[in-house]
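The listed protein sequences correspond, in order, to chains H and L.
Residues in the first sequence are numbered consecutively from 4, following my numbering.
Residues in the second sequence are numbered consecutively from -11, following my numbering.
Heads up, the thing below is written out as structure tokens.
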Amino acid sequence: MNTTPLYGLMAEFETPEQLIQATRRAREQGYRKMDAYSPFPIEELGDLLQARSTWIPLIILGGGIMGCVGGFALQYWVSAIAYPLNIGGRPLDSWPAFVPVSFELTILLAALAAVLGMLAMNGLPMPYHPVFNVARFARASQDRFFLVIEAKDHFFRYDKTREFLTQLGAREVSDVPE
Amino acid sequence: MIRRPSVVVRPNSMSQQIRNPSQAPVLEPGYTFRTVTEKISAIVLRGTPRAWYLGFAISFLLVMVLLLAVTYLLYAGVGIWGINIPIGWAFAITNFVWWIGIGHAGTLISAILLLLRQTWRTSINRFAEAMTLFAVADAALFPVLHLGRPYYAYWLIPYPNTMGVWPQFRSPLVWDFFAITAYGTVSLLFWYVGLIPDLATLRDRAQNTFVKVFYGLLAMGWRGSAYHWRRYQKAYFLIAALATPLVVSVHSIVSTDFAVGIVPGWHSTIFPPYFVAGAIFSGFAMVLTITIPLRRFYHLEDFVTMRHLNAMAKVMLASGLIVAYGYLMEFFMSWYSGNSFEEFLTLNRAFGPYAFLFWLMLLCNVVIPQALWSRRVRTNVFMLFIISILINVGMWVERFVIVVTSLSRDFLPSAWGMFSPTIWDWATFIGTIGLFFALLFLFIRLLPMISMAEMRELVQETSEGKA
């Protein structure tokens, strides 16, 4: 074997159906530390790998609440406390006039939270990742489908896992150096 | 998780001969993951066509005109424009509302059609979103330039300052500032999130190291992991869900710039919905104006099919009818309200000194779009192109009529006045058109104008439909 430590084994498939099938079989074999890579979102893969996105809506909600409450508080404080101006005898706390800005800030902060939250949860930006060491992986963003089983998986045995991936119909199985 | 419907491609459907364009496929059959990726990324990664240089050069020349006009404006002040008292708002506000309205179709296509699961959005959303960004950039210039002292524009931002003053949050102009800022930022985020997987594709396809690093940095190490896709999709759908009410709110707030004022012809509760419909109307017209030459020049007829053009024409017709209803209600209310100033305003619009523009507006926005009822017109690309340009003109004229006729003759005849644009009004306006197209040309050259990831998904869905 190589002197560089091994991150895992990568199997390349030609169709999304093959990748879904392979992922299902790998799970049945007990593999857990693995990931499937595809050039477009495939829902079944997420289901099979039990990928979760429960935090995303909560982060967005948090951002939205912050924008709404913060925006309203800012306007109230400015208009009624810090810089009170009598405009046509209206009350200083003329809350209906504060609705548009509160709304805009709700959306703005929720959207910012959505993007930053999604990137943070995904660990992006991440310029280096072992999978990029395999030259053929460039096609993961184009037309090929990849399954990577990590070496630290409990059931990972180099020869057996390699054979398992080959017999799943992988076009090619490559070592992924760390 | 939201599931998208699979598209059924009818067998032996040759879209060019098809009778019913709404049954044409959203993607011509015969494409694979590889061929869609190659075709779209080649536009960015292969050489630049000569016509691109020509188009960019013309737009860039107009950008220089804009710079000249803005420089002179900063030097001499807003007096170089034709504005006066009573007509303090003229071209600047007309252009502002026109541009921001155009931007709205991009968000509508990308967000609302995504939520409504319309598959025909896929091949047009990317450049419609780009159009939004560039239109918002153009729009945002005008209120700032119109300030008189544009270098104090940052006073709109609420920040603790040594003067001890704060923005007036009861003013629609401050609402505008927040609306446009939020809208521009959210549109940019939505566009960028949509771009991430495609930037990764460009990174992986690039031959040249510099190009690879450039797209690699922008792609942030996206690798298409199933875990990432799940969070990505959830976030993308939710941003779409946030952008949808945002778009409605932005143009409603723009309309309150007028509706909150007591000037005849402005002080009306129909303004928010009527402005939003007008925004969609003009925005779709602009999308068609751009799409039609683009799909022809880059041979994208297989991706942007008659189905897309037909659907956009229908949206244009429907939103145009809402705009026509808005006009009708304005006329009705000016009579029904019994307010003599409102009544005078309507008569003045129709028969006063600006009557020509009023009738031009009705012709372009109400009469001509009725041709879209005909399927033959909707499937005639040339006719659609002409109609879309006329609607763009009509919607610009509409904003001019709203802004200028109301101000020129309000309550006191002694305060009446007339507006005529100077060469600097025109230079600024035409300059922003140049800026818009220059940015659009750069976008086409540097970024994939159709989402490759979504097209691959579409290939998968259509092949499932066939099986």
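C-beta: ideal position from N, C-alpha, C; glycine also.
Margin query: For a test of the three-state rule: what should DSSP assign to Asp156(H), helix, strand or coil?
Written below: The count along the first sequence starts at 1 and reaches residue 156(H) at position 153. Residue state, collapsed to three classes: coil.
Notebook entry, point to check: Would you call Phe167(H) buried or exposed, if buried means 16 or more other Cβ atoms sit within 10 Å of its Cβ?
Noted result: In the first sequence, residue 167(H) corresponds to position 164, counting from 1. The residue in question, Phe167(H), is buried, as its Cβ has 16 or more Cβ neighbours within 10 Å.
Note to self: Just checking: is the beta-carbon of Trp143(L) within a distance shorter than 8 Å of some beta-carbon in chain H?
What the structure shows: Counting from 1 along the second sequence, the entry for residue 143(L) is found at position 155. At least 8 Å separates the CB of Trp143(L) from every CB of chain H.
Notebook entry, point to check: Under 8 Å between the Cβ atoms of Phe417(L) and Phe79(L)?
Noted result: Within the second sequence, the letter at position 429 stands for residue 417(L). Within the second sequence, the letter at position 91 stands for residue 79(L). Phe417(L) places its beta carbon less than 8 Å from that of Phe79(L).
Checklist line | Thr457(L) to Gln145(H) span [Cα, whole Å] | finding: Absent from the structure is residue 457(L), since the part of chain L shown begins at -11 and ends at 455.
Notebook entry, point to check: Which residues in the same chain have their Cβ closer than 6 Å to the Cβ of Gly91(L), if we skip the five residues on either side of it in sequence?
Noted result: Residue mapping note: residue 91(L) aligns to position 103 of the second sequence, counting from 1. The beta carbon of Gly91(L) lies closer than 6 Å to those of Thr120, Ala123 and Val124 in the same chain, with the five residues before and after it left out.
Next item on the list: Just tell me which of Ala138(H), Ala117(H) and Pro42(H) has its CA closest to the CA of Gly66(H).
Entry: Looking up residue 66(H) in the first sequence gives position 63. Of Ala138(H), Ala117(H) and Pro42(H), the residue nearest in Cα terms is Ala117(H).
Margin query: Under 8 Å, Cβ to Cβ, is there at least one residue of chain H near Lys200(L)?
Written below: Counting from 1 along the second sequence, the entry for residue 200(L) is found at position 212. Closer than 8 Å: no.
Checklist line | Whole-angstrom C-beta distance between Glu445(L) and Pro44(H), which should lie under 8 Å | finding: Residue mapping note: residue 44(H) aligns to position 41 of the first sequence, counting from 1. Residue mapping note: residue 445(L) aligns to position 457 of the second sequence, counting from 1. Indeed they touch by this definition, with Cβ atoms about 7 Å apart.
Notebook entry, point to check: Roughly how many whole angstroms lie between the Cα atoms of Phe346(L) and Gly70(L)?
Noted result: In the second sequence, the residue the question calls residue 346(L) occupies position 358. In the second sequence, the residue the question calls residue 70(L) occupies position 82. Near 20 Å, if we compare the C-alpha coordinates of Gly70(L) and Phe346(L).
Next item on the list: Could you list which residues in chain H have their beta carbon closer than 8 Å to that of Asp245(L), in chain order?
Entry: Residue mapping note: residue 245(L) aligns to position 257 of the second sequence, counting from 1. Under the 8 Å cutoff, chain H gives no residues; its nearest Cβ is about 11 Å from Asp245(L).
Check: Between which two residues does the beta strand (DSSP E) carrying Val176(H) extend?
Finding: For the purposes of this step, residue 176(H) is taken as residue 173 along the first sequence, with counting starting at 1. Its beta strand (DSSP E) spans residues Glu175 to Pro180.
Note to self: Does Glu17(H) come out as helix, strand or coil in the three-state DSSP assignment?
What the structure shows: In the first sequence, the residue the question calls residue 17(H) occupies position 14. Correct three-state label for Glu17(H): coil.
Margin query: Rounded to whole angstroms, what is the Cα-Cα separation between Arg397(L) and Ala403(L)?
Written below: The sequence position of residue 397(L) within the second sequence is 409, counting from 1. The sequence position of residue 403(L) within the second sequence is 415, counting from 1. For Arg397(L) and Ala403(L), the distance between alpha carbons rounds to 7 Å.
Notebook entry, point to check: Which full runs of the alpha helix (DSSP H) of 4+ residues lie inside the segment 184 to 271 of chain L, going along the chain?
Noted result: Considered as a whole, the segment 184 to 271 of chain L harbours 197 to 207 and 214 to 247 as its complete alpha helix (DSSP H) runs of no fewer than 4 residues, in chain order.
Notebook entry, point to check: Any Cβ of chain L within less than 8 Å of the Cβ of Pro94(H)?
Noted result: Position 91 of the first sequence holds residue 94(H). At a cut-off of 8 Å, the C-beta of Pro94(H) has no neighbouring C-beta in chain L.
Next item on the list: Determine, using beta carbons only, whether Leu15(L) and Thr450(L) come nearer to each other than 8 Å.
Entry: Translated into the one-based positions of the second sequence, residue 15(L) becomes position 27. Translated into the one-based positions of the second sequence, residue 450(L) becomes position 462. Taking 8 Å as the cut-off, the Cβ atoms of Leu15(L) and Thr450(L) count as close.
Check: Which of the three DSSP states, helix, strand or coil, is assigned to Asp146(H)?
Finding: The sequence position of residue 146(H) within the first sequence is 143, counting from 1. Shown here, Asp146(H) sits in coil according to DSSP, grouped into three states, outside any helix or strand.
Next item on the list: Check whether the Cβ of Gly172(H) lies closer than 8 Å to any Cβ atom in chain L.
Entry: By 1-based counting over the first sequence, the position of residue 172(H) is 169. Not one chain L Cβ lies under 8 Å of Gly172(H).
Next item on the list: May I ask you to report which of helix, strand or coil DSSP gives Asp498(L)?
Entry: The structure shown does not extend to residue 498(L), since chain L is modelled only from -11 to 455, so the question has no answer here.
Notebook entry, point to check: Along chain C, which residues have their Cβ under 9 Å away from the Cβ of Val58(L)?
Noted result: Of the chains in the structure shown, none is chain C; the protein chains are H and L.
Checklist line | With 16 other Cβ atoms within 10 Å as the buried cut-off, status of Trp323(L) | finding: In the second sequence, the residue the question calls residue 323(L) occupies position 335. Of the other Cβ atoms in all chains shown, fewer than 16 fall within 10 Å of the Cβ of Trp323(L); this residue is therefore exposed.
Notebook entry, point to check: Between Val201(L), Gly340(L) and Ala228(L), which lies nearest to Tyr180(L) when the distance is taken from Cα to Cα?
Noted result: Here residue 180(L) corresponds to residue number 192 of the second sequence, with the count starting at 1. Answer by Cα proximity: Ala228(L).
Checklist line | Bridge partners - Asp38(H), DSSP secondary structure assignment | finding: Locating residue 38(H) in the first sequence gives position 35, where the first residue counts as 1. Val151(H).
Check: So does the segment 50 to 69 of chain H actually touch the segment 17 to 32 of chain L, counting three or more Cβ pairs closer than 8 Å?
Finding: Too few Cβ pairs lie closer than 8 Å, so no.
Margin query: In this structure, how does DSSP classify Leu12(H) when only helix, strand and coil are distinguished?
Written below: As a first step, residue 12(H) is located in the first sequence; it is residue number 9 there, counting from the start. The answer is strand: DSSP assigns Leu12(H) an E or B state.
Margin query: When you compare the segment 258 to 270 of chain L with the segment 379 to 391 of chain L, are there three or more beta-carbon pairs, one atom per stretch, that lie closer than 8 Å?
Written below: A contact exists between the segment 258 to 270 of chain L and the segment 379 to 391 of chain L.
Check: Alpha carbon to alpha carbon, what distance is there between Thr420(L) and Ala127(L)?
Finding: As a working note, residue 127(L) is residue 139 in the second sequence. As a working note, residue 420(L) is residue 432 in the second sequence. Each residue's Cα considered, the two are about 9 Å apart.
Note to self: Contact defined as beta carbons within less than 8 Å: I believe Gly43(L) pairs with Phe429(L). What is the distance between those atoms, to the nearest angstrom?
What the structure shows: As a first step, residue 43(L) is located in the second sequence; it is residue number 55 there, counting from the start. As a first step, residue 429(L) is located in the second sequence; it is residue number 441 there, counting from the start. Rounded, the Cβ-Cβ distance is 6 Å, consistent with contact.
Next item on the list: Consider the Cβ of Leu108(H): report whether some Cβ of chain L lies at a distance smaller than 8 Å.
Entry: Working through the first sequence from its first residue, we reach residue 108(H) at position 105. With a threshold of 8 Å between beta carbons, Leu108(H) makes contact with chain L.
Check: Ile164(H) lies in the alpha helix (DSSP H); which residues open and close that run?
Finding: Counting from one through the first sequence, the residue named residue 164(H) turns up at place 161. In the sequence as displayed, the identity of residue 164(H) is Thr instead of Ile. Per DSSP, Thr164(H) belongs to the alpha helix (DSSP H) from Tyr161 to Gln170.
Check: Got a sec: is the Cβ-Cβ distance from Trp163(L) to anything in chain H below 8 Å?
Finding: Position 175 of the second sequence holds residue 163(L). Cβ-Cβ to chain H under 8 Å: yes for Trp163(L).
Notebook entry, point to check: Which chain H residues are close to Arg22(L), counting only those with a beta carbon under 8 Å from its beta carbon?
Noted result: As a position in the second sequence, residue 22(L) is number 34, starting the count at 1. Gln145 and Asp146, listed in chain order.
Check: Taking the Cβ atom as the reference point for each residue, do Arg109(L) and Ser98(L) lie within a distance shorter than 8 Å?
Finding: Position 121 of the second sequence, counting from 1, holds the residue named residue 109(L). Position 110 of the second sequence, counting from 1, holds the residue named residue 98(L). At the C-beta level, Arg109(L) and Ser98(L) come within 8 Å of one another.
Check: By DSSP, does Gly65(L) sit in helix, in strand, or in coil?
Finding: Start at 1 with the first residue of the second sequence, and residue 65(L) comes out as number 77. Assigned with DSSP and collapsed to three states, Gly65(L) falls in coil, not helix or strand.
Check: Are the C-beta of Gln78(H) and some C-beta of chain L separated by less than 8 Å?
Finding: The residue labelled residue 78(H) in the question sits at position 75 within the first sequence. Taking Cβ atoms only, chain L reaches closer than 8 Å to Gln78(H), which makes this a yes.
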